[in-house]
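Participant: First, the structure itself, so that you have it in front of you.
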Amino acid sequence: MPDPANPQDMPPQYDPATVETASYARWTRDGIFAARATRSTRAGGSRPPYVIVMPPPNVTAVLHMGHGLNNTVQDVIVRWRRMCGDEALWLPGTDHAGIATQNVVEKLLAREGKTRHDVGRSAFVHRTEQFVAETGGVILQQLKAIGASADWSRTAYTLSPGLSRAVREAFVRLFERGLIYRGHRVIHWCPRCLTSLSDEEAEHHETEGKLYHIAYPLTSVNTRDAAASIVVATTRPETMLGDVAVAVNSTDERYADLVGRTVRLPLANVEIPIVADEYSDPAFGTGAVKITPAHDANDFEVAQRHQLAMPIVIDETGAMREVMDAAGRVPDSVRGLDRFEARDRIVALLRDAGALVKVENHRHSVRRCYRCDTVVEPRLSEQWFVRMKPLAEPALKAVRDGTVRILPERWEAVYINWLEGIRDWNISRQLWWGHRIPVWYCDGCGRVSASRENLAQCPACSGPVRQDEDVLDTWFSSGLWPFSTLGWPDDTEDLRAFYPTDTLSTAPEILFFWVARMIMLGYAFLGETPFRTVYLHGTVRDTNHVKMSKSLGNGIDPLDVVALYGADALRYTVIAGMGLGADTILDPNDLERSFAPGRNFVTKLWNMGRFLLTNLGTDPVAELDTLSPQRLTRADRWILHRLNAAIAVCDAALGPARPAGETWNDADRYSGLRLNEYTEGARAFAWGELADWYVESVKPRLSGTGDDRETARAVLVYAFDQVLRLLQPIVPFVSDTLWRRLPGRHDESLALANWPQARAVPGNPAEFALVIEAVNGIRKLRADYSIAPGTTVACVLVAQATSRELCRDEAALIGRLSKATVSVVDRAPTETAAHAILSDGTQVVLPLAGVVDIDRECTRLQADLDSLDKQLTALRARLQNEKFVARARPDVVAAERQKEVEWSARRVLLADKVRTLCGA
RNA sequence: GGUCGCGUAGCUCAGCUGGUUAGAGCGCUGGUCUCACAUACCAGAGGUCCGGGGUUCGAGUCCCUGCGCGACCACCA
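Numbering (our numbering), first residue to last: -7 to 912.
Okay, here's the thing in structure tokens:
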């Protein structure tokens, strides 16, 4: 059993499995994710609240990459804010997901050969509750496996008693304000789910269909008539059985004298009028449109205008049947047929009757149920609606004036456009699983009562009442989520401390379903926006850019990734690739390749920690502040300076956390939450600077003695500590595990440590850059001349006067990192040699007596010189261009001038070298 | 039909208000098991920045246009 406190027990490869479960258990035990209302500044505490409510996954869901992505985003943000000293709350929960869950349970019943009607409503609901209790919420456990730092003590559920009370309160308040009404309308109906759907739930799909031209014969024919019939065009011939009129545009001269006449509806054998209505577009089809009020929303409106009947000829299952006012319309040979079979049959019948004029191919969009993909049937029925216009006003204003910002910015226009044209929301569903509509009907006096409490009798006449059979759209309860989860409608401490929340992270697909409704309802009930930032991330797709989904078999199971490479590797990979709003492309067929960046980085961090912990020794490590600034070496100053730069990059990428005032100002509005930039900033520092250069440079100092060893240990530990802090939000497991082993940390938790801040660095931090250049120069020469890695070469630095001292001081370090014996001189030796010229003009000279290929070196040098000449010429032309000097930004011009000086100096040296070595 | 986005190295992507010789990771080539790390290190190859116009001293970046993808919205039957 390895001892995690003993660095000797650290294996060279990080093994996430041994660390992650234990880490998470410890975080839970220590309660570090729990937020307390009393600490919020809004409740008299000292910490600004920072709140994210988790988009509740369906209670029956299992984790997929979409969840993995979104919840990692939220976790990174909330962990960042937690370290910044905010009272950070990430509030988790699940959604009862009306249709989705009911469908799952119905499928289970189907396996037993039963339908929900066989078992009855209360038994069905009970069974569903049972199912949810047994299998639901699995996803929340899975989220823990990827490190989600949610406050699980507050886990909410839309169908819990508390949230159900919020739903009733919301419904009744809207009802009392006249914003909820019952209407007889044509709505989208799913014949498979047997429920109505909102406009948003009926998705458009482009479909290759046909446009049928059907002749409706005039009932009486004049000699003046050009034809004995009027031809209508339709994509859905089966609905003709429900036709009540043919509409033509009043401006359409072709049909001017037919208006007011009647035609005989084929097959149904009913006489129907020809009416004039603006709805008919003369340019489409034949310019004459059949009117089927019960099965088309537009036709419904036409029928209302003309006071026509509205016979229903398709039943709720999508089968042809006379349902209402349609007696005799459905021929025997069609009755009972599914609508699509009926279409074929009717087309055949029309063809036989000679009424089918022609059939054209026609591409159009067909709406399908968002849950089961069944083609939706427009259907006349009685539903509950929310009047949206008044609710939309404040929600529009909030985004327009910057109270709420949406990232990426382009979605704001989409949001505004949708809200401006918003239509009433059908909230009733003919389902059993959900919040039953809190409305009671009195058959005695006809009163309709919405009530917070269950009613046993009519409040008006005390007669018997019955509750509405329908349930609410699942998105109705979701819309209350940011405040129902905090205890609304009660005036709770949580609500005061944490509402409004800060950031909502989700996929753009549910901008209308959910985000806009939360904002509208937040204003409706709290008078305030539910959050200040909407962060819309992209979609996870495979390498063919196809959205990952279980049904397509192109998904990646995040738990597989966790098992293979660890949660940190998953998180890092996903976050590093998070361009704002951009899709994430991963290869489900090559997890190794997809997640190597994360796995490699985590291993690198682990090994850096391993080196540090095994080479630190047991002496106490000094605090950086206690060291005299004079003791800092060039490397020390450089790495501390680079750390400052990294912190600045991360801060700029992440922040600002919240608007400076009531609204976002212009500078802040679209900045921040660039998670990929943050990750890259931290990675580049950790790997490219700290590991590659500082750790390498510090090695001899650690095994030395005295003050310098103390300094090196102090700086190394400080820098590593700080970079672990920067990385904690992204890779919490490995960073916390390493951090806890640092001297003096013991039982602290990195998740609660302070976020890094820049500190003043004495002296010139840039000097070390020359060391790096020199090492790179020598390495390049070695590679160019194929000098075996084992051999140490002699090397001369011909230093510029300004950097001579620096080169002398650091000669040993340069030599060690480049495997060379370095000496520093003032003038170039004349022997045959390879060389490189550094940016300050210092030359690296590598004697190659007997080995160097003079011709090759000359060729190389000449090429360098040519290239430099070319660039120098372009640079000088630019500087001599009056317009450039006059119009370019002054700092740009200054930089170009400086460059000209440097390049000229290099050219002199290079030309000199070419002359000595190559003659000519 | 309307609106919007994208097209930069073999792959996935950065490139912020136009201004050095366009970057990273993965992959590839060559070399290293160098006492933290071969899930690593060192060096390298690889780009007409989708095509065509234009604005500008200067365009991957701005404008127009063409091509190719993609998303969202939509009551033309």
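Glycine included, every Cβ here is placed at the ideal spot set by N, Cα and C. As the structure is a computational prediction, the values presented were derived from the model and not from experiment.
Just checking my contact of Pro400 with Leu528 at CB under 8 Å: how many whole Å lie between their CB atoms?
Facilitator: In the first sequence, the residue the question calls residue 400 occupies position 408. In the first sequence, the residue the question calls residue 528 occupies position 536. With a Cβ gap of about 7 Å, Pro400 and Leu528 count as contacting.
Participant: Does the region 565 to 581 come into contact with the region 531 to 541, if we say contact requires no fewer than three beta-carbon pairs (one atom in each stretch) closer than 8 Å?
Facilitator: A contact exists between the region 565 to 581 and the region 531 to 541.
Participant: Would you mind reading off the limits of the alpha helix (DSSP H) that contains Asn768?
Facilitator: Taking the first residue of the first sequence as 1, we reach residue 768 at position 776. Looking at the DSSP string, the run of the alpha helix (DSSP H) that includes Asn768 is 760 to 776.
Participant: Tell me Met316's beta-bridge partners as DSSP assigns them.
Facilitator: As a first step, residue 316 is located in the first sequence; it is residue number 324 there, counting from the start. Answer is Ile304.
Participant: With a threshold of 8 Å on Cβ separation, who are the neighbours of Arg355 within its own chain once the five nearest residues in sequence on each side are excluded?
Facilitator: Sequence index remark: in the first sequence, residue 355 carries index 363 (1-based). Closer than 8 Å at the Cβ level, and outside the excluded window around Arg355, lie Glu198, Thr199, Glu200, Gly201.
Participant: Report the three-state DSSP secondary structure of Gly85 (helix, strand or coil).
Facilitator: Against the first sequence, residue 85 aligns to sequence position 93. Note: Gly85 maps to strand in three-state DSSP.
Participant: Going by DSSP, what residue range makes up the beta strand (DSSP E) through Cys76?
Facilitator: For the purposes of this step, residue 76 is identified with residue 84 of the first sequence, where counting begins at 1. First-last for Cys76: undefined, no H or E at that position.
Participant: Across which residues does DSSP place Thr254 in a beta bridge pair?
Facilitator: Residue 254 sits at position 262 when you count from the first residue of the first sequence. Answer is Pro265.
Participant: Quick one: Cα of Met2 to Cα of Ala17, how far?
Facilitator: Walking along the first sequence from the start, residue 2 turns up at place 10. Walking along the first sequence from the start, residue 17 turns up at place 25. Answer to the nearest angstrom: the Cα atoms are 20 Å apart.
Participant: Starting from Pro839, trace the beta strand (DSSP E) both ways and give me its first and last residue.
Facilitator: One-based indexing of the first sequence puts residue 839 at position 847. It spans 835 to 839 - the beta strand (DSSP E) in which Pro839 sits, taken as one unbroken run.
Participant: What are the boundary residues of the alpha helix (DSSP H) that includes Pro370?
Facilitator: Start at 1 with the first residue of the first sequence, and residue 370 comes out as number 378. Note, Pro370: premise wrong, no alpha helix (DSSP H); beta strand (DSSP E) at 369 to 378.
Participant: Using a Cβ distance threshold of 8 Å, determine whether the region 79 to 96 contacts the region 549 to 569, with at least three qualifying pairs required.
Facilitator: Judged by Cβ distances under 8 Å, the region 79 to 96 makes no contact with the region 549 to 569, as fewer than three pairs qualify.
Participant: Near Glu314, what residues of its chain come up, given a Cβ to Cβ distance below 7 Å and the 5 sequence neighbours on each side ignored?
Facilitator: Counting from one through the first sequence, the residue named residue 314 turns up at place 322. Here the set comprises Val305, Arg321, Val322.
Participant: Exposed or buried, what is His59 when buried is set at 16 or more other beta-carbons lying within 10 Å of its beta-carbon?
Facilitator: Taking the first sequence and counting its residues from 1, the one referred to as residue 59 is at position 67. With 16 or more Cβ atoms within 10 Å of its Cβ, His59 is classed as buried.
Participant: When you compare only the Cα positions, how much space is there between Ala897 and Ala627?
Facilitator: By one-based count along the first sequence, residue 897 stands at place 905. By one-based count along the first sequence, residue 627 stands at place 635. Taking the straight line joining both Cα atoms gives about 27 Å.
Participant: Measure how close the beta-carbons of Val463 and Trp424 come, nearest whole angstrom, since I'm counting them as under 8 Å.
Facilitator: One-based indexing of the first sequence puts residue 463 at position 471. One-based indexing of the first sequence puts residue 424 at position 432. Between Trp424 and Val463 the Cβ distance is about 7 Å, and since that is below 8 Å, they are a contact.
Participant: For Glu168, count neighbouring Cβ atoms within 10 angstroms of its own Cβ and tell me buried if that reaches 16, exposed if not.
Facilitator: To locate residue 168, count along the first sequence from 1; it is residue 176. Under this definition Glu168 is an exposed residue.
Participant: Assuming Gln744 and Arg34 form a contact by the criterion Cβ under 8 Å, report the distance between their Cβ atoms to the nearest whole angstrom.
Facilitator: In the first sequence, counting from the first residue as 1, residue 744 sits at position 752. In the first sequence, counting from the first residue as 1, residue 34 sits at position 42. The sequence as given places Leu at residue 744; Gln does not occur at that position. At roughly 21 Å, the Cβ-Cβ gap does not stay under 8 Å, so Leu744 and Arg34 are not in contact.
Participant: Pick out whichever of Cys910, Gln749, Asp330, Cys799 has its Cα sitting closest to the Cα of Ala825.
Facilitator: To locate residue 825, count along the first sequence from 1; it is residue 833. The shortest Cα separation from Ala825 among Cys910, Gln749, Asp330, Cys799 belongs to Cys910.
Participant: Verify whether the separation of the beta carbon atoms of Lys381 and Ile414 is less than 8 Å.
Facilitator: By 1-based counting over the first sequence, the position of residue 381 is 389. By 1-based counting over the first sequence, the position of residue 414 is 422. Yes; because the gap between Cβ atoms is below 8 Å, this pair is in contact.
Participant: To the nearest whole angstrom, what separates the beta carbons of Gly379 and Asp416, a pair I think is in contact under 8 Å?
Facilitator: By one-based count along the first sequence, residue 379 stands at place 387. By one-based count along the first sequence, residue 416 stands at place 424. Looking at the sequence shown, residue 379 is not Gly but Arg. Correct: roughly 6 Å between the Cβ atoms.
Participant: Closest to Asn446 by CA distance: which of Val164, Arg675, Asn536 is it?
Facilitator: Looking up residue 446 in the first sequence gives position 454. It is Val164.
Participant: Please report the distance separating the alpha-carbon of Tyr173 from that of Val431.
Facilitator: Working through the first sequence from its first residue, we reach residue 173 at position 181. Working through the first sequence from its first residue, we reach residue 431 at position 439. In a straight line, the C-alpha of Tyr173 is about 11 Å away from that of Val431.
Participant: Quick check: what's the CA-CA separation for Arg775 versus Val767?
Facilitator: If you number the first sequence from 1, residue 775 lands on position 783. If you number the first sequence from 1, residue 767 lands on position 775. Looking at the sequence provided, one finds Ala at residue 775 rather than Arg. Looking at the two C-alpha atoms, the distance is approximately 12 Å.
Participant: Expressed to the nearest angstrom, what Euclidean distance is found between the alpha-carbon atoms of Ser810 and Arg771?
Facilitator: Within the first sequence, residue 810 is the residue found at index 818, counting from 1. Within the first sequence, residue 771 is the residue found at index 779, counting from 1. Going from the Cα of Ser810 to the Cα of Arg771 covers about 6 Å.
Participant: Let me know the secondary structure DSSP gives Ala9 once reduced to three states.
Facilitator: Locating residue 9 in the first sequence gives position 17, where the first residue counts as 1. The answer is helix: DSSP assigns Ala9 an H, G or I state.
Participant: Which first and last residues belong to the beta strand (DSSP E) in which Pro882 is found?
Facilitator: Within the first sequence, numbered from 1, the residue matching residue 882 stands at position 890. It is not in any beta strand (DSSP E) - Pro882 instead sits in the alpha helix (DSSP H) that spans 882 to 910.
Participant: Counting beta carbon pairs with one atom in the region 9 to 16 and one in the region 709 to 729, are three or more of them shorter than 8 Å?
Facilitator: Touching, yes, given that three or more Cβ pairs across the two stretches are closer than 8 Å.
Participant: Output yes or no for whether 8 Å exceeds the beta carbon distance between Arg913 and Ala194.
Facilitator: The structure shown has nothing for residue 913, since the chain only spans -7 to 912.
Participant: Are Tyr515 and Pro651 close, meaning C-beta to C-beta below 8 Å?
Facilitator: If you number the first sequence from 1, residue 515 lands on position 523. If you number the first sequence from 1, residue 651 lands on position 659. Not in contact: Tyr515 and Pro651 (Cβ atoms no closer than 8 Å).
Participant: Would the region 147 to 160 count as touching the region 75 to 82 if we require 3 or more Cβ pairs under 8 Å?
Facilitator: With the cut-off at 8 Å, the region 147 to 160 and the region 75 to 82 do not touch.
Participant: In whole angstroms, what separates the C-alpha of Tyr686 from that of Val715?
Facilitator: Here residue 686 refers to the residue found at position 694 when the first sequence is read from its first residue. Here residue 715 refers to the residue found at position 723 when the first sequence is read from its first residue. If you take the alpha carbons of Tyr686 and Val715, they lie about 13 Å apart.
Participant: With a cut-off of 8 Å, do at least 3 Cβ pairs link the region 48 to 56 to the region 124 to 131?
Facilitator: As far as the Cβ criterion goes, the region 48 to 56 touches the region 124 to 131, which means the pair count is three or higher.
Participant: In the DSSP assignment, find the beta strand (DSSP E) that holds Ser586 and state where it starts and stops.
Facilitator: The sequence position of residue 586 within the first sequence is 594, counting from 1. Where Ser586 is concerned, there is no enclosing beta strand (DSSP E), although the alpha helix (DSSP H) it sits in stretches over 583 to 607.
Participant: Going by beta-carbon coordinates alone, are His196 and Ser188 separated by less than 8 Å?
Facilitator: If you number the first sequence from 1, residue 196 lands on position 204. If you number the first sequence from 1, residue 188 lands on position 196. The answer is no: Cβ separation not under 8 Å.
Participant: Can you tell me which of Glu263, Phe292, Asp191, Pro229 puts its alpha carbon nearest to the alpha carbon of Pro209?
Facilitator: For the purposes of this step, residue 209 is taken as residue 217 along the first sequence, with counting starting at 1. Out of Glu263, Phe292, Asp191, Pro229, Glu263 has the C-alpha closest to the C-alpha of Pro209.
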